[in-house]
Structure formats: C-alpha cells, structure tokens
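I have placed the structure first, in the form of structure tokens, so that the comments after it can refer back to it.
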Amino acid sequence: MRFRNLSALLVLPLVLAACGQGEDAPPADTAPEPAEAPAEEPDDAEEPDAVAATLDCANIEVWVPYGPGGGSDRQVRRLEPHLSEILGVNINVVNREGAAGATAWTALAAAEADGCTVANVVIPNILIAAEVDDAPFSGDAFSYFGFTEASPNAIAVQLDSEFEDIEQFLEAARANPGGVTVGGSGQGPMATNQFMEATGVDVTFIPMEGGASDALAAIQGGHVDAVNFAASHVLANSDTVRALGLSSTERSPALPDIPTLYELGYEGFSIVAVWGLIGPPGVSAEVMQIWNDALIEANQRTEEDLVAQGLTPLYPNLGETEALLSELIAGFDPDDFR
Amino acid sequence: MIEGLLHILNAQFLLYMFAGVLVGIVVGALPGFTATMATALVLPFTFGLDPVIGISMLGALYVAAMYSDAVPACLVNTPGTPSAMTTAFDGYPLTQRGEGQKALVGAAFGSLVGAVAGGLMFLFLSAPLAIAALRFGPPEFFWIGVFAITIIGSIAGDSLLKGAAGGAIGLLISTMGLSTTGGVTRYTFGVVGLRGGVALVAALIGIFALPQLLELVSRRRIKDRAHEVTSRRGVTMETIREILRRPGNVIRSSAIGGLVGILPGAGGPMAALVSYNEAIRWSKDRKEFGKGSIHGVVASEAANSGAAGGSMIPMMALGIPGSGPAAIILGALLLQGLNPGPRMLITSPNLVYGFAWSVIIAGFVTFAVASLIARPMTRMVAVPVRFLIPVILVLCVIGSYAIRVNMADVYVMVILGVILYFLSQIGFHPGPVGLGFILGPIVEPKLVQSLAFVRARSVAEVFFLRPLSMALIALTLVSIAWIAWSRTGERSIFRAPETGDSAPDNGPRWAVREGVLCGIVSLGIGVVYFSFSGRGAADWAFPILLTVVLMVFGALFLVLAATGRGGRRVDLVPPIVRGHGVDVAIAVGVIALYTVAAPVVGFWPMTAIVAAALAIYLDNSPTLRSTTKSVVFALVATGALFYFMRHVFYVPFPRGQIF
Numbered sequence: 445m446r447f448r449n450l451s452a453l454l455v456l457p458l459v460l461a462a463c464g465q466g467e468d469a470p471p472a473d474t475a476p477e478p479a480e481a482p483a484e485e486p487d488d489a490e491e492p493d494a495v496a497a498t499l500d501c502a503n504i505e506v507w508v509p510y511g512p513g514g515g516s517d518r519q520v521r522r523l524e525p526h527l528s529e530i531l532g533v534n535i536n537v538v539n540r541e542g543a544a545g546a547t548a549w550t551a552l553a554a555a556e557a558d559g560c561t562v563a564n565v566v567i568p569n570i571l572i573a574a575e576v577d578d579a580p581f582s583g584d585a586f587s588y589f590g591f592t593e594a595s596p597n598a599i600a601v602q603l604d605s606e607f608e609d610i611e612q613f614l615e616a617a618r619a620n621p622g623g624v625t626v627g628g629s630g631q632g633p634m635a636t637n638q639f640m641e642a643t644g645v646d647v648t649f650i651p652m653e654g655g656a657s658d659a660l661a662a663i664q665g666g667h668v669d670a671v672n673f674a675a676s677h678v679l680a681n682s683d684t685v686r687a688l689g690l691s692s693t694e695r696s697p698a699l700p701d702i703p704t705l706y707e708l709g710y711e712g713f714s715i716v717a718v719w720g721l722i723g724p725p726g727v728s729a730e731v732m733q734i735w736n737d738a739l740i741e742a743n744q745r746t747e748e749d750l751v752a753q754g755l756t757p758l759y760p761n762l763g764e765t766e767a768l769l770s771e772l773i774a775g776f777d778p779d780d781f782r
Numbered sequence: 004m005i006e007g008l009l010h011i012l013n014a015q016f017l018l019y020m021f022a023g024v025l026v027g028i029v030v031g032a033l034p035g036f037t038a039t040m041a042t043a044l045v046l047p048f049t050f051g052l053d054p055v056i057g058i059s060m061l062g063a064l065y066v067a068a069m070y071s072d073a074v075p076a077c078l079v080n081t082p083g084t085p086s087a088m089t090t091a092f093d094g095y096p097l098t099q100r101g102e103g104q105k106a107l108v109g110a111a112f113g114s115l116v117g118a119v120a121g122g123l124m125f126l127f128l129s130a131p132l133a134i135a136a137l138r139f140g141p142p143e144f145f146w147i148g149v150f151a152i153t154i155i156g157s158i159a160g161d162s163l164l165k166g167a168a169g170g171a172i173g174l175l176i177s178t179m180g181l182s183t184t185g186g187v188t189r190y191t192f193g194v195v196g197l198r199g200g201v202a203l204v205a206a207l208i209g210i211f212a213l214p215q216l217l218e219l220v221s222r223r224r225i226k227d228r229a230h231e232v233t234s235r236r237g238v239t240m241e242t243i244r245e246i247l248r249r250p251g252n253v254i255r256s257s258a259i260g261g262l263v264g265i266l267p268g269a270g271g272p273m274a275a276l277v278s279y280n281e282a283i284r285w286s287k288d289r290k291e292f293g294k295g296s297i298h299g300v301v302a303s304e305a306a307n308s309g310a311a312g313g314s315m316i317p318m319m320a321l322g323i324p325g326s327g328p329a330a331i332i333l334g335a336l337l338l339q340g341l342n343p344g345p346r347m348l349i350t351s352p353n354l355v356y357g358f359a360w361s362v363i364i365a366g367f368v369t370f371a372v373a374s375l376i377a378r379p380m381t382r383m384v385a386v387p388v389r390f391l392i393p394v395i396l397v398l399c400v401i402g403s404y405a406i407r408v409n410m411a412d413v414y415v416m417v418i419l420g421v422i423l424y425f426l427s428q429i430g431f432h433p434g435p436v437g438l439g440f441i442l443g444p445i446v447e448p449k450l451v452q453s454l455a456f457v458r459a460r461s462v463a464e465v466f467f468l469r470p471l472s473m474a475l476i477a478l479t480l481v482s483i484a485w486i487a488w489s490r491t492g493e494r495s496i497f498r499a500p501e502t503g504d505s506a507p508d509n510g511p512r513w514a515v516r517e518g519v520l521c522g523i524v525s526l527g528i529g530v531v532y533f534s535f536s537g538r539g540a541a542d543w544a545f546p547i548l549l550t551v552v553l554m555v556f557g558a559l560f561l562v563l564a565a566t567g568r569g570g571r572r573v574d575l576v577p578p579i580v581r582g583h584g585v586d587v588a589i590a591v592g593v594i595a596l597y598t599v600a601a602p603v604v605g606f607w608p609m610t611a612i613v614a615a616a617l618a619i620y621l622d623n624s625p626t627l628r629s630t631t632k633s634v635v636f637a638l639v640a641t642g643a644l645f646y647f648m649r650h651v652f653y654v655p656f657p658r659g660q661i662f
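Chains A and B, in that order, give the protein sequences.
FYI, the numbering for the first sequence is 445 to 782, going by my numbering.
FYI, the numbering for the second sequence is 4 to 662, going by my numbering.
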C-alpha cells in the first residue's frame, strides 16, 4: 500500500490550482527553498537585484528530452510563445532526445545554473532514468521551477470491445491468468505492475515503443486486449478508444463517466504523469521565482488548450512544487520496473 | 471532395504552400536536419492560421523535404534524410559521370509522381487503407522487417557474403543504447554518451559521406575537380522522356511508397528500400542499378514522396501518426482543438480533403522549384575539391551534432566513417550497413513485443499462424529464392582481381587476402559484442543472435580464404605510408582533431581554422593568390553556415572554453 500517498495526487491539483491562482505575495516567505539548493547556490559576484523581474539572458534555451510530436514537446511548444512574451527574452526550443530523456537531463545537470538553460521534465520518467536505468544524475538534484499539467493513466480498450466495464475485464483476466494482454510504453511496466498488484489479476504486459502511437495502433488493431497509458490519449482518440478505469482517487473532469479503480475498491493503481520545467542544480532563489511566476501565467493563458487535451492543469508555487516533488519521489518504487 | 479543393484554393493558401516548400527544400538538403525538426520549428507560425492552411504548410514542407533529400544524396553521396539512402546508390554515380543534373531532374520527377500518388490515395482510399494498416501487429511488422533484410541480396554489390556481414554489422550497432521496449542498456561500453544509442542520421552520414570524402582526398592529386559538369539545355525533357519509357517503374514505386507509408513507424526509408529492391527485380537491365541508373533514382524518390502522403492516412483516419512530421501535424490539429479520427471526415470534410489536395499541390510546387534549381545545384559541386571537401566535412559534423544536439553522435559518425572507409577498401558496400541501421530500430522492438506475446499465446500462434504473417513469410522465401536464382553462375564469392591490383602475388610481404581481413573484421566484431552481451531479457535475444551470425560469417570468410577463395591480395602498407595514404591519414587526423577540439576552442573558430587548413593543404599548386582565396573562402563559408544554423535553426553549439 505504498502508493496510497501518491493516489491523493489528483485531488492535489485542484487544491493547488485554487491557491496558485491570484498569488502575488512576495516570494521570500512563501517559497521555502529545496533542501539542498541553498548550499549549492552560486555565489555570483554581482548580487542579483532584490526586485529583479527579468532574467539576464540573451536567449533562453528550453530542451525537450524527447522527439518532436510527443507530450513533452507539445507542452514546451504550447508554453513557448507565452513564456517568451512574459520573460521578454527570445526562446529557442531544442529537441535533445535519447536514452528515454536521460541524454538531455544528463547535459542539463552540467549546464550553467543561470536560468537561461532549462528543460522539460516528466515524472516518473526522470526518476526511472535516475534510479532504474542508472543515469548519472539524481532526480531531485535539479531546480524545479514548477509543474504545469498532470494526467492519470487509463486502462483503455477498443471502442467496440467486448469488455463493457473494468469488472468484466478483470473477470476475463482472472479466468485466464496471463492470457490477457496489456500494452504500454515508458511508464507502462510500472503502471501495469501497479494495476496487477491492486487488482490481484495476472495479465501479460507487451512493451510498446515510446509515445502513444504504437500503443494506439496495437489497441485499434486488436493486437492487444487493453492498453495502459495516459488518460489524455483517450480523450484525443475518443472515436476509437474507450477507457475502463483510471489510476486516480478522484474522477477526471475531462472523463467524468470513467470510474477510478480506487472508487471500485482497488487501491494502489495510482500512477500519475506530471510535466514540469526544471533548471540545472543550484539556480538562485530569485531566478527560480521569476520562472515560477512566468510558468504559472503562461500555463493560465493556455489552460483552455490543456483542458481540451484532457490534461489537468497545475499551478504550484515554489513551495508547493517542492512538496509535490517529495510526494512523487516518496511514492516512486524502482522495484516496479524489475 | 471538390469542395475541399475549392476551400483551399486562394492566394493566402498558395503563399503558405510556397513558403512551406522552400523551407522543406532547404531542410531536406541539409544532412542532419530532418523534416520532423523543421515542421516542429514552423509549428508556432501556424497557430494563428486557418487549420487547413496551417497543416497544409507543414505537409508541403514534408513533401518538399522528401524531394530535396535527394540533392546531397546525388551530388555528394550523403543522404539528406534516411529516406534518400537508396537515391545515393544511383544518383551519385550519375553525378560522377557528369550527369548530376539528370539525377536531380529524375529525383524531382519521381518525387512529383510519388507525391501525387500519395495524395490521391489519401483522397480516395483513406478509410480502407487505414483499416488495412491496423491489421499489421508486432509479428507482421517483424516479418516485414525480415523481408526487408533480404533486400541485401539486391544491394550487396559483388559479394553476397560481404553484404550479409555488412547488414549484420549495421543491425548490431543499431541496437546500442537504451532499448526502446524494455529500458535495457546495451553495448555502451561504459560511455555515457552512448546510452542514447546511435542516431540513424549521424550513422548514415558517417557511413556514406565520410568514406566518400576520404576517397576524394585520396584522389585529389589525380583529379582537381570532384566531377565534371556537362550541363546543357534540354536535359529536363530528355530525362522525363527516359523515365516515362518505363512507366511501370515510377507507378509501382509510387504505389509501394504510399502503401508502406501507411504503416506507422515504417515510413520513407523502408518505402524507398522496398521500392528500390522491386525496381531491380522487375528490371531487364539489373546490372545498371548501383552504377547510375536513372530508374533507381526514380524508384527511391517516388517511394519516399509517396510515403509522405501515405503517412498522413493513419494520422487523419485513426489519430496514429505514420511518421515524424505526421506526428507534428497531429499535434498542430490537437492544439487547434481538432481530434483526428474516423469521425473527422464527417465533422470537418473540408479540412481532410483540403489537406489531401494540398499534398498533391505541394508535389507540383516542389517540382517547379526543383526544376529551376537543378542546374545551379549541379554546378555547385563542380568547384575544386579543396573547396568542396571542407564544406562537406563541416556539413557532416554540424548535421550529426544538430540531430540530437549531442557531441557523442559526432564521434560516432567519425568513427563509423573511418571504419567504413577501410571496410570499403576490402570490398564492403555501405548499402547493407545502412540498411541494417534503418531496419534495426524497426525489426528489433517488434521482435521483443512478439516474444512478449508468447506468454499469452503459443509461438506458432504469434509468429506463424496469422494470415498476414504467412503471406509475408512466403514473400520472404520468394525473395530469398530470387536472390539464389539471380546470383547463380556467380562462382566467385569475392570480386575478381582487378587489373592494377595494389598487391600482385609477388608483391610486398605485408599483403593478405581480402577474405582474411573480412573474416577478422566479422569475427572480431561478433566476439567483442558477444562478450559484452547481457543475458536473460528479451531485449538481448536479437543482438546475441546477430553476434552469432557475424561469428559464423567470419568463420566462413576464413574457411573460404583457406581453401583458396580469399579474393585479391591487399597490401597493408601503402594505405598507411605511401602516396595517397598520407593524404587520407592526415585528413583523418584533422577530422579527429577538429571534433575533439571544437567544444574546447569554440565551434565556429575551430571550423574556420580546419576549413582553411584543409583548403590550403589540398591545394595542388599553391600560390599566394590561391592561399588567400582558401582562407577567405573558409572564413566566409563557415561563417555564413554557422550564422544560418545558429539563428535560423537554433542549433545550440557548445560554447568553447577559449572563444
């Protein structure tokens, strides 16, 4: 039951959204710093102005750790024009794909912590890279500017599948242990292990390649019985795919008719993907605050797109970002991948 | 349908169309810059537009890039995108014969027919084709990949065994890095930069462009100019007439392109490979292919352009992008609040049909531009080699860096290039190696997925009893039988001894049979990779199989050599110390120094220094005037190139520690 903490997450966004909006209090007291950040804070000779509202960057580079077209790419390109306007600096988006995100994050860990080089982050992906794939960085070492959106996972089937609801699906899986197939990519193994642990059934996991297109093709073609991927894909493909259950405690506003496994009494299927923006380790508190403010505003401006894509908007300030991160890390178990 | 056409025909649409084509042509022609990157770059400009105009511009960009990737393939043997690998097989020999313009016109015309065919399929056959595409599951994809591997039989060059060994090497190296299916790290030898694996684009630049560059270096004392140009009027019409004398080839190639294009993930490179293979199989003068057949160029280009339109079908009809650019276009639609899927045709027919028409229109716009630039482009490579070589080198380095903004990819490119140069000296053709790189990422994950199904079903059910799989297995067997048949009578496994052999039998002591070297290389790579293989996970099955295959090939080479069929003798000394060997060694040294020093010294200054140094060194009759020219050329050319890359494509070059 180590996932119970995490399963409260999908309530959190609503709370955070409420307190994140209209927040204009000075940063100093509301934003407790990450535990190790102050120690590594760069001792810049020129002390940044206390009321500095802009970054000292000729250009800003935002790295996408994945290829063009994916969820991370879409997040960055959605925010880019707004961030550029708010920060008053030209932004270049760079796709640095490779090693399931680890190539970009490895490079970011060594980049200058001036706030001019930042990257998209996905949790749990960065934790998988650090703790399962042994990438040379630690997930919590970076400067987390904020999180922008989240999505629970969905167990989804073909639109005209024989399974009317999750109970029928579980029934079939119980009747034929290992005979029912579930596809998924990225966090798929973790999500499916959670699902099996929570429901007590034994399904066969089929590892798909990155992105949702592989899983979508497999489910639409009937090659797998179900897929386990971000619920936002269900909304974008509502003509062909239907969700049976979600991995959150509360129902998703975008998919109000889909029950959560939690409400059906299966506790522990609680994976949630959270997207955000990070800087190299040791970015100064002032710069962190500038980024956090800009991120919240840019995200508010694009909230409509975000909700239309079935994603849950997040507006945490720096303190809440830190708290959310700790909770996500506490709920992450690398053993789910082994 | 007609309404869709009328919906888009306006001045604004044509303007954006033209802009998309121009960007596409530039991007496609630069190795390392892909249509996917360019569509992502252009995406923000489409936000404010009418959705159909926005996505049509992105589509036009893709179609144009599928033509222009043939330009560097034909002119400097460097595929602009992986889709143009087979274009280089015939396009470059044409350029070497002074018929570069013919090659480019052929590529343009093939692309036109391909784009039109892809667009028509999109317009009329979307629904049935999308449903057909869904029937391909992981096992079917695996078998398509296996079928495609038999294409080695067509492109192996003179020795089937060398082709097969080359293909195995390409497949094996393509599995390096974190596996896409299981998160297993393979063959990184402890190097962090290798965790991301080998970038396909960087690998293809390495195995095609770099050996060619070294070849130009080695010949520069004989030939001051890389190629002659016999440019004259009327080439365009002449070439088109020649192509149309074999209408079957261009039609078949376009159809193959469109059909392979609808299979998500297979895309342009696979389409071009299959089409090129079929072009050879159905041709009466098979021997011409690989030596400068215009029909080979047409087959490749018609197929990869057809695949562009084909890849839009599953994107629109199912919400499954069939290619990188299709994924960006899908993202553009989602950002506009449109969810592609079966209902799209009912809810927004003008958008779907308008977009399909735009693919066809993009084909014509691209052809018009391409015809205009064919001659000037051909003239560009007729400059003296001392100017051409630095430019190619810089494009290779920047291209392999830009693809993932990763210096490790540059080192991989250089290492592969140097290895392939030496392999080409003992008769390996780069084609099968490139095929391995292209097919590895398609076949291998599908094998892992298929193996995962075995827990739920029996092996026979997964691999052999599905009707489509059976058809594909039959196709594979036919292909193998055809190879056996078409190669009967070829007694020698190795090419016949050439006149002017570098080492006659009574030659120097340091000479060995070609077959011995081939055996050592195959066996060596097989043994090294085998010893670094992990056990247990399904992700190791394919690479371990390949290492075993390579060891068997290596042993076979050695057995053949021991029984007197080892091919010609190769002198080990001259490449290192004599004649042109010095030039090659110096060039390799300069390239190594360049790539190692660039991140320290600063990318642009180091590039300018290297370009100037090469231009001066390769000058056959240096005078003060020509030296000044070399230096000015190096500064201007590299400066312009860097400014363009930095500020138009936002390539973030690492800041040097000195500059």
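The beta carbon of each residue, even a glycine, is placed where N, CA and C say it ideally should be.
- Boundaries cannot be given for B:Gly430, as no alpha helix (DSSP H) includes it and DSSP labels it neither H nor E.
- Among the residues facing chain A, B:Ile208 is not included, as its CB has no counterpart in that chain under 8 Å away.
- Chain-ordered, the chain B residues with CB closer than 7 Å to the CB of A:Gln753 read Leu337.
- When DSSP states are grouped into helix, strand and coil, B:Val194 belongs to the coil group.
- With respect to chain A, the C-beta atom of B:Ala274 has no partner C-beta closer than 8 Å.
- 8 Å or more divides the Cβ of B:Val384 from the Cβ of B:Thr641.
- Chain-ordered, the chain B residues with CB closer than 9 Å to the CB of A:Asn681 read Leu321, Gly322, Ile323, Asn342, Pro343, Gly344.
- Per DSSP, B:Thr42 is not a residue of any beta strand (DSSP E); the alpha helix (DSSP H) it occupies stretches across 38 to 45.
- With respect to B:Leu18, B:Pro546 sits apart: the two C-beta atoms are not nearer than 8 Å.
- Per DSSP, the unbroken beta strand (DSSP E) holding A:Ser587 starts and ends at 587 to 602.
- Residue pairing by DSSP places B:Leu181 opposite B:Thr188 in a beta bridge.
- Using a Cβ-Cβ cut-off of 9 Å, B:Phe36 is close to nothing in chain A; its nearest Cβ partner there is about 12 Å away.
- A:Glu694 has its alpha-carbon roughly 43 Å from the corresponding atom of B:Ala405.
- If you look at A:Pro651, you'll find it in the beta strand (DSSP E) that goes 648 to 651.
- Distance between A:Ile530 and A:Thr547, taken at the CA atoms: about 29 Å.
- For a Cβ distance threshold of 9 Å, residue set Asn503, Glu505, Asn536, Val537, Val538 of chain A lies close to B:Tyr653, ordered along the chain.
- As DSSP reads the structure, A:Phe673 sits in a beta bridge with A:Ala598.
- DSSP places B:Asp574 inside the beta strand (DSSP E), whose first and last residues are 572 to 574.
- Assignment of B:Pro82 by DSSP, reduced to helix, strand and coil, places it in the coil class.
- From the listed residues B:Ala614, B:Ser482, B:Ala541, B:Phe367, the smallest Cα separation to B:Gly113 is found for B:Phe367.
- Distances from the CA of B:Val587 to each of B:Ser278, B:Leu216, B:Ala377, B:Gly51 were compared; the closest alpha carbon is that of B:Leu216.
- Annotation: B:Ala135 to B:Gly251 spans about 24 Å, alpha carbon to alpha carbon.
- Here the C-alpha atom of A:Leu772 lies approximately 47 Å from the C-alpha atom of B:Leu423.
- Sequence-ordered contacts of the stretch 625 to 645 of chain A with chain B read Thr625 [C-beta pairs closer than 7 Å].
- For A:Leu690, the enclosing beta strand (DSSP E) stretches over residues 685 to 690.
- Boundaries of the beta strand (DSSP E) harbouring A:Trp507: 504 to 508, taken from the DSSP string.
- When DSSP states are grouped into helix, strand and coil, A:Leu721 belongs to the strand group.
- Distance from the Cα of A:Glu707 is smallest, within the candidate group A:Thr561, A:Ile610, A:Gly763, for A:Ile610.
- Check the Cα spacing between A:Val671 and each of A:Ala600, A:Val716, A:Ser728: the tightest is with A:Ala600.
- Taking CB atoms only, A:Phe581 has no neighbour in chain B less than 8 Å away.
- Secondary structure at B:Asn13: coil, using DSSP grouped into helix, strand and coil.
- Distance from the CA atom of B:Ala120 to the CA atom of B:Gly261, rounded to whole angstroms, is 7 Å.
- Nearest to A:Tyr588 by C-alpha distance, out of A:Glu730, A:Val731, A:Gly723, is A:Gly723.
- Here the alpha carbon of A:Val647 sits roughly 22 Å from the alpha carbon of A:Phe776.
- Contact annotation for A:Ile650 against chain B: Gln452, Ala455, Phe456 [CB-CB distance below 7 Å, chain order].
- The beta carbon of B:Leu8 sits closer than 8 Å to the beta carbons of Tyr356, Gly357, Trp360 from its chain, once the five residues preceding and following it are set aside; these are given in chain order.
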